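The structure appears below as structure tokens.
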Amino acid sequence: MLAKSKLLLLRRSHPPPPSTTLIRHCSTVSDSPESTITQVLKLLEPSDKNHWNSSKLNTLLFETLSSSHKHFLQISLRLGSSSKALTFLEYLSHNAPSTHHFSLSSAFQGALELSTEKQHPSLFSAFHGQPNSENNVLKLYEYRKSKNWTFPLTPKSGLILFQCFEKGQMIDDLVSFYKELDPSAKSSRLCNGMLRVLLKFGRVEDARQVLDEMLDPENVEFEPDDFTGEIVFGELVSRRSFVADEEVVRLVTKLGELEVFPDTFRLTQLISKLCARWKNRVAWEVLHAVMKLGCGVDAASCNAMLTGLGKERDIGRMNELLAEMEEMKIRPSVVTFGILLNHLCKARRIDEALQMFDRLRGKGESNVVGVEPDVVLYNTMIDGLCKVGREEEGLSLLEEMKTTTKHRPNTVTYNSLIDGFCKAGNINYAHELYNQMIAEGLQPSVITLNTLVDGLCKHGKVFSAVEFFNEMKGKGLKGNAATYTSLISAFCGVNNIDKAMQYFDEMLSSGCSPDAIVYYTLISGLSTAGRMDDASLIVSKLKEAGFCLDTACYNVLISGFCKKKKSERAYEMLIEMENTRVRLDTVTYNTLVSYLGKAGDFAAAIKVMKKMIKEGHEPNVVTYGAVINAFCLKNNVDEAMKIFKEMSATSKIPPNTVIYNILIDALCKNDDVKKALSLMDDMKVRGVRPNTTTYNAILKGIRDEKMLDKAFVLMDRMIEDACSPDYITMEILTEWLSAVGEIEKLKRFVQGYQVSSCTESLAEHFVG
1 MLAKSKLLLL RRSHPPPPST TLIRHCSTVS DSPESTITQV LKLLEPSDKN HWNSSKLNTL
61 LFETLSSSHK HFLQISLRLG SSSKALTFLE YLSHNAPSTH HFSLSSAFQG ALELSTEKQH
121 PSLFSAFHGQ PNSENNVLKL YEYRKSKNWT FPLTPKSGLI LFQCFEKGQM IDDLVSFYKE
181 LDPSAKSSRL CNGMLRVLLK FGRVEDARQV LDEMLDPENV EFEPDDFTGE IVFGELVSRR
241 SFVADEEVVR LVTKLGELEV FPDTFRLTQL ISKLCARWKN RVAWEVLHAV MKLGCGVDAA
301 SCNAMLTGLG KERDIGRMNE LLAEMEEMKI RPSVVTFGIL LNHLCKARRI DEALQMFDRL
361 RGKGESNVVG VEPDVVLYNT MIDGLCKVGR EEEGLSLLEE MKTTTKHRPN TVTYNSLIDG
421 FCKAGNINYA HELYNQMIAE GLQPSVITLN TLVDGLCKHG KVFSAVEFFN EMKGKGLKGN
481 AATYTSLISA FCGVNNIDKA MQYFDEMLSS GCSPDAIVYY TLISGLSTAG RMDDASLIVS
541 KLKEAGFCLD TACYNVLISG FCKKKKSERA YEMLIEMENT RVRLDTVTYN TLVSYLGKAG
601 DFAAAIKVMK KMIKEGHEPN VVTYGAVINA FCLKNNVDEA MKIFKEMSAT SKIPPNTVIY
661 NILIDALCKN DDVKKALSLM DDMKVRGVRP NTTTYNAILK GIRDEKMLDK AFVLMDRMIE
721 DACSPDYITM EILTEWLSAV GEIEKLKRFV QGYQVSSCTE SLAEHFVG
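Mapping the sequence shown onto full-length UniProt numbering, position 503 (from 1) lands on 503, and the numbers just tick up by one.
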């Protein structure tokens, strides 16, 4: 308010020129000497103006009425027709002194009003039922322009002409008219009308120019008012292009300085829209600009700001705004605390949420905010606790609801707890909570069903999930897409593709629309099982449903076709990826390299690998492993070793245990045990841990070479590396050591002792 007072003082220190003031007064009719007006009208009765007594008329008009200039409008109106008023105007244009141009403005207004056939038309209803009045008015306007009359229009004349242009939807002409209009003829009503019409017809730039003119401190006579605010704030909410987001603060501030503020509904909408566009900083400044300018702000607008801050996990500012609300006596609502608790829980700041919740419950410090937690707040806290694995504390709140509050737990309460215990792996207690819920007369929702079905499936109890689902169907509770997705995923996971397909068909017949996840799950399961015809059928249905394959889905299809040695179908998938602009990733290239290598087409495999690098995908350990494995399978160990050395020397990807295992096994099979042993040493130098498979491969090699001493050293290293022998290890060593009389060493090896210097006797349970 102080800002506006200063602005008004500034404006009033520069009042408009006298002519402007007088013209504005022409819009308001006051009493005039009736005798003088009557005499003027008597002199104007002759239809031929040549018979008018000019001398007497001039005396009456420009001397007797000189102090009552606004009464020229009365004279014009009382002539009774626009044609007579126009004749009077013609007379004035030739006879009025230069200082009397405002008399022409008044007479012209009278002619305009008479042409509408109504004496006092309102701005938006003056011409209803007058089909030709707009033409008459516009003809008068054109006549004025043809005469080169430069007298300014009155504000009322401006309004009449504006209405005519608007009714005729002559927007270009309206814009030109407005730009030519003298500032003295403009009013807040006219400018508001211009804003409304220009925005309606999408002339945003022109509308912004009108608004900037209204906001100019020099234009005190047509400054923004509450109607301007309704138009502008409505536009800020509905149209993004009205002003740039960064300009919103400046505009809201300028309007606020003139005490034009958004109401609570518009302010809340504006903050919500800005936050939805991730413009929290702008929304924050808008809210605080309104606060600083003294407009009353309530909890709803603050709640919108809190919601936006919560989306960005800006807990610091959320707490800051809550403190400001308390300082400014803005009373928070239960929704306020619902937003705060919800976002604190989502940010896993559960202890802070508990502190705030305790305050609402009057624990630790008094509840000064006057908001008691309702069932929604209890549910928010219970769900938050369960999400961080503190379901036991959630149970405590459940008991508190039952025993010390008037708020009874509902289905949402139990759903949160059931989900928490399912995720914790305590499926039995989750089911017990379900039974409690039923015992309390609460009806399970589809979320309850989905939570338990998904929990059972993820913990390997697929058939229990099916039984529960069937039980719920028997009680009239139908599943939705999420229910079927859980079951289909579970059966695909245990390679029971037939059952997965059964539930897919049931899903379709029950009216549930599968989402992309269901299709992807089935395609992956069918491809992994080698059922590529069925997978192709699901792909067709996926496309019919309006979904597109992603890279991961193409990869599993290409892999499936490659395993079935259907290279032409894999090629079709690659062409389809290119046509649909789905980028190949490292997995795609690795699949192709592996397939081509196993097929013996090494040139093509290397070519794909080079293309992979060219497309910006660095080969990884899987890529090198696929190429090395392919060469080894074709007994081309030398080439495999060449790739291995190249990988070791130039690649940033170090070889892993799998690659070493492939090479050690191939070298041993190729009777090059020394090189295999050298690779074992290389593993130790590089810090790559061997596994049981590594030792099995090398033990087979040294057995064939009868390198018994080396076997004992390797057995000791196997113990050091904590590699447990498997049945292959025992088969190799039992047969070999039995034949050479070293079973006691085998016994010590199994017991975890060193064997290289041991000579103890044979253990009976390893014999025969």
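Virtual Cβ for every residue (Gly too), placed ideally from N, Cα, C. No experiment lies behind these values; they were computed from the predicted model shown.
Less than 7 Å separates the beta-carbon of LEU198 from that of ALA207. By the neighbour-count criterion, in which 16 or more other beta carbons inside 10 Å mark a residue as buried, THR580 falls on the exposed side.
A buried status is given to PRO262, since no fewer than 16 other beta-carbon atoms sit within 10 Å of its beta-carbon. Between the stretch 440-454 and the stretch 403-421, the count of Cβ pairs shorter than 8 Å is three or higher; the stretches touch. In the three-state reduction of the DSSP assignment, LYS634 falls in the coil class, being assigned neither a helical nor a strand state.
If you draw a straight line from the Cα of SER513 to the Cα of ASP498, it comes to about 20 Å. With contact defined as three or more Cβ pairs closer than 8 Å, the stretch 582-597 and the stretch 555-565 are in contact. Collapsing the DSSP output to three states places VAL755 in coil. DSSP places PHE222 outside any alpha helix (DSSP H), giving it a letter other than H or E. Between VAL210 and THR99, the alpha-carbon positions lie close to 30 Å from each other. At the C-beta level, ILE659 and GLY701 stay beyond 7 Å of one another.
Collapsing the DSSP output to three states places ASN670 in coil. For a cut-off of 8 Å, the C-beta gap from VAL260 to ASP226 is around 6 Å, short enough to register as a contact. As the crow flies, the alpha-carbon of ARG250 is around 19 Å from that of TRP278. Straight-line measurement puts the Cα of MET730 at about 10 Å from the Cα of SER724. Put simply, the backbone Cα of SER756 is about 53 Å away from that of ARG390. When DSSP states are grouped into helix, strand and coil, TRP278 belongs to the coil group. The C-beta of ASN280 has 16 or more other C-beta atoms within 10 Å across all chains shown, which makes the residue buried. Contact between GLY597 and VAL627 holds, since their C-beta atoms are separated by about 6 Å, short of 8 Å. DSSP, read as helix, strand or coil, puts THR413 in helix.
Boundaries of the alpha helix (DSSP H) harbouring MET532: 532-544, taken from the DSSP string. Three or more Cβ pairs drawn from the stretch 105-118 and the stretch 81-96 lie within less than 8 Å of each other, which places the two stretches in contact. Between the C-alpha atoms of PHE265 and MET381 there is a straight-line separation of about 29 Å. In the three-state scheme derived from DSSP, where H, G and I count as helix and E and B as strand, HIS617 is classed as coil. Between LEU190 and GLY168, the CB-CB gap reaches or exceeds 7 Å. The C-alpha of ASN148 is placed about 14 Å away from the C-alpha of SER105.
In summary, GLY616 is exposed, with fewer than 16 beta-carbon neighbours lying within 10 Å of its beta-carbon over all protein chains present. Rounded to whole angstroms, ASN58 and TYR143 show a C-alpha spacing of 24 Å.
A direct Cα-Cα distance of roughly 14 Å separates MET318 from GLU327.
Judged by DSSP in its simplified three-state form, VAL40 adopts helix. Non-local beta-carbon contacts of LEU306 in its own chain, meaning distances under 7 Å to residues more than five positions away in sequence, involve MET318, LEU321, THR336, ILE339, LEU340 in chain order. Shown here, MET328 sits in coil according to DSSP, grouped into three states, outside any helix or strand. In this structure, LEU487 and TYR503 form a Cβ contact; the two beta carbons are roughly 5 Å apart against a cut-off of 8 Å.
DSSP places LYS475 in the coil class of the three-state scheme, outside both helix and strand. In the three-state reduction of the DSSP assignment, LEU584 falls in the coil class. The three-state secondary structure of LYS706, taken from DSSP, is coil.
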